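Notes to accompany the following structure.
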Amino acid sequence: MARYRLWRKEEIAYLEHYWGIYSIKHMAKKFGRSVDAVKLKAQRIGLGDARLHFEGITILQLSEVIGVDYNCIKSWGKRFGFPIKLKLFSAEQKVKVVYYRDLWKWLKTHKHVVDFSRIEPGIFGPEPDWMKEKRNADLVAKKKRGKPWSEDDDLLLKSLVNAYRYTYPEIAARLQRTEGSVKRRLMELKIKARPVRIGNHTKYTQEEVKQIVDLYDRGYSIDVIAERLGKSALGVRGKMERMGYRFKGKVPIPPKEALV
């Protein structure tokens, strides 16, 4: 009968310190023990799931936290250069993860991909200074985007559009909604009248161009940028495209070189 080998204090200390950082297979080899023995010891000293004890998060866990489909997050790797890594936690199976240091670095240059209005502050550890404004920007956008339409809202919309004197930006501002939301509601209600056209070919000043770049870099949506500039969202998007921005879905991707 095989003799049970007691765990030394140094082994337990190593196990506690590196649990979730190194794979169970790596530690089993280091200790000269089986993978099952390492798992059992970790369970007995209360270490829990190794996937919750490293400086990062699995893609499956990330999907649950931010409310984005798992396969959609995986696609970010090709679409936006999202830094997914493979990490060995147990004996053989590798799990897709992202390390917090890589996540924050990526988020700083891809603020428009993730909506932080519904994400608990601090869930990914200490947050950089710019994160507070990014979350506020998402909250501002959410207020305009997610509000259900009431009968009074519909009546006001009909009144404004039938006056034939208000533009999309003016009606959107009055109703505290996005221009896209106003446009969709007009179609849903089968209202034939449309807001007055705005001159989208008006030349932008250098100061307005700087504002677009600054607000974009801080994480504000095109609708909010347009409202700040007193222009239409469609016009701002067109200007950004002429400035070199590319759009993947609704996500603007900045040009590689500095704009101003």
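For the sequence shown, the residue numbers in the working numbering are 280 to 539. Every residue, glycine too, gets a C-beta built ideally from N, C-alpha and C. Treat the numbers as computed from the prediction; the structure is a model and nothing was measured.
For K373, same chain residues with a beta-carbon under 6 Å away, outside a window of 5 residues either side, are L365, L367 in chain order. Sorting Y443, A316, D493 by C-alpha distance to the C-alpha of K471 places Y443 at the top. For L367, the pairing in a beta bridge is given by DSSP as K373.
For E290 and E334, the gap between their C-alpha atoms comes out near 21 Å. Between I324 and E295, the C-beta gap is smaller than 8 Å, which places the two residues in contact. Collapsing the DSSP output to three states places W355 in a helix. The stretch 460-534 contains, as complete alpha helix (DSSP H) runs of 4+ residues, the segments 485-496, 501-508, 512-521 (chain order). Within the same chain, Cβ atoms closer than 7 Å to the Cβ of D381 are found at P362, the five residues on either side in sequence being excluded.
Boundaries of the alpha helix (DSSP H) around T388: 379-388.
Per DSSP, I398 is not a residue of any alpha helix (DSSP H), being assigned neither H nor E. Excluding residues up to 5 positions away in sequence, I303, M306, A307 lie with their Cβ nearer than 6 Å to the Cβ of V317 in the same chain.
Y293 has no beta-bridge partner at all, per DSSP. Closest by C-alpha distance to K390, out of M410, P474, R397, I398, is M410. When only Cα atoms are considered, G528 and Y483 end up about 25 Å apart. T481 counts as exposed, since fewer than 16 other beta carbons sit within 10 angstroms of its beta carbon. When C-beta atoms of the stretch 384-400 are compared with those of the stretch 340-360, three or more pairs fall below 8 Å, so the two segments count as touching. Around the C-beta of S429, fewer than 16 other C-beta atoms lie within 10 Å, and the residue is accordingly described as exposed. In this structure, I491 lies away from I477, with their beta-carbon atoms at least 8 Å apart. Scanning I532, W286, K510, E486 for the CA closest to the CA of T457 turns up K510. Closest option to L465, judged by alpha-carbon separation, among Y445, V475, V440, Q455: V440. Counted as a single uninterrupted DSSP element, the beta strand (DSSP E) harbouring I336 occupies residues 335-337. Remark: C-beta atoms of S460 and R497 do not approach each other more closely than 8 Å.
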